[in-house]
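Asker: If you want the numbering used here, it's the 1-based position in the sequence shown plus 1139. Sharing a structure, written as structure tokens. Questions coming.
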Amino acid sequence: MSNTSFAPVSGLLLAGGQGSRLGGRDKGLMQWRGEVVSARLASLLRPRVGQLLISCNRNQAIYAQWADQLVGDPLPDYPGPLAGMLAGLRACRGSHLLVLPCDLPALDGALLDALLACSAAHPEQPCLVRAGEQWQPLLCVLPRNCLDSLEACWAADGRSPLRWLLGQTHGVVQLAADDPRLHNANQPQDWD
């Protein structure tokens, strides 16, 4: 599906973390099934977005090959994923920002399309994914009109994406609790 079905959408791949659970390795550059995970996820985003952003705080020369634009955190020392979301919304040229983290290597296009369809049905609201009762706050679509709310949250030292998102009226893509596309690859064995 192309982004012609929706208002122009930008995409953001969150790859700015420290990789502390991977011994400091850059999670976005890990190999999954023989492919760099960021390359794989960027290829999922590319046909669905008019602008592809990658939030990264190191290895910019590598990430640049997959992005239209790189963004970095507004503060040093890896302040967390909400910082990447803020940087992405600030740089977003589309009416919406499709956000995905680099540690969900099994994501597929059908799930991204479901998020975009949710956003088309709720164009003024963020759309989130919930698997069973577990929220996936870093896999979402944000209308660009959320920027003021996110700026205010950040200025008040808010750092929790989930707390900020659940404070907004939002749409939901509901999935089964054990949906394999949401396997979170945080440990070295997850990448084997």
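Ideal Cβ placement from N, Cα and C applies to all residues, glycine included.
Quick one: grab the DSSP three-state call for P1262.
Answerer: Of the three classes helix, strand and coil, the one that applies to P1262 here is coil, per DSSP.
Asker: Quick check on P1276: buried or exposed, where buried means 16 or more other Cβ atoms within 10 Å of its Cβ?
Answerer: Flag for P1276 reads buried.
Asker: Give me the Cα-Cα distance between T1143 and L1228, rounded to the nearest whole angstrom.
Answerer: Because T1143 sits at a pLDDT of 41, beneath the cut-off of 50, its placement in the model cannot be relied upon, and the following sentence gives the value as read from the coordinates. If you take the alpha carbons of T1143 and L1228, they lie about 21 Å apart.
Asker: Going along the chain, which unbroken runs of the beta strand (DSSP E) with 3 or more residues stay wholly within the segment 1165-1244?
Answerer: If we require 3 residues or more, the beta strand (DSSP E) runs fully inside the segment 1165-1244 come out as 1190-1194, 1208-1210 and 1235-1240.
Asker: Under 8 Å between the Cβ atoms of C1279 and V1176?
Answerer: No; because the gap between Cβ atoms is not below 8 Å, this pair is not in contact.
Asker: Nearest to R1225 by alpha carbon, out of V1311, A1315, R1320 and A1291?
Answerer: In the sequence under discussion, the amino acid at residue 1225 is Leu, which differs from the Arg named in the question. Residue A1291 is the option with its Cα nearest to L1225.
Asker: For L1151 and G1306, I'd like the C-alpha separation in whole angstroms.
Answerer: L1151 and G1306: Cα-Cα distance of roughly 21 Å.
Asker: Under 8 Å between the Cβ atoms of A1230 and Q1204?
Answerer: Cβ atoms of A1230 and Q1204: not closer than 8 Å.
Asker: Return the CA-CA distance between A1316 and W1293, expressed in angstroms with no decimal places.
Answerer: One C-alpha to the other measures close to 30 Å.
Asker: If contacts are defined as beta-carbon pairs under 8 Å, then L1192 and V1210 qualify, I think. What distance do you get, rounded to the angstrom?
Answerer: Rounded, the Cβ-Cβ distance is 6 Å, consistent with contact.
Asker: Out of G1219, A1178, E1263 and G1167, point me to the one whose CA is closest to N1284's CA.
Answerer: Here the closest residue by C-alpha is E1263.
Asker: Thinking just about the alpha-carbon of each residue, which of G1167, P1220 and W1171 is nearest to the one in A1206?
Answerer: Comparing Cα-Cα distances from A1206 to each of G1167, P1220 and W1171, the minimum goes to G1167.
Asker: Out of G1219, Y1202, L1250 and A1259, which has the shortest C-alpha to C-alpha gap to P1282?
Answerer: Nearest C-alpha to P1282: A1259.
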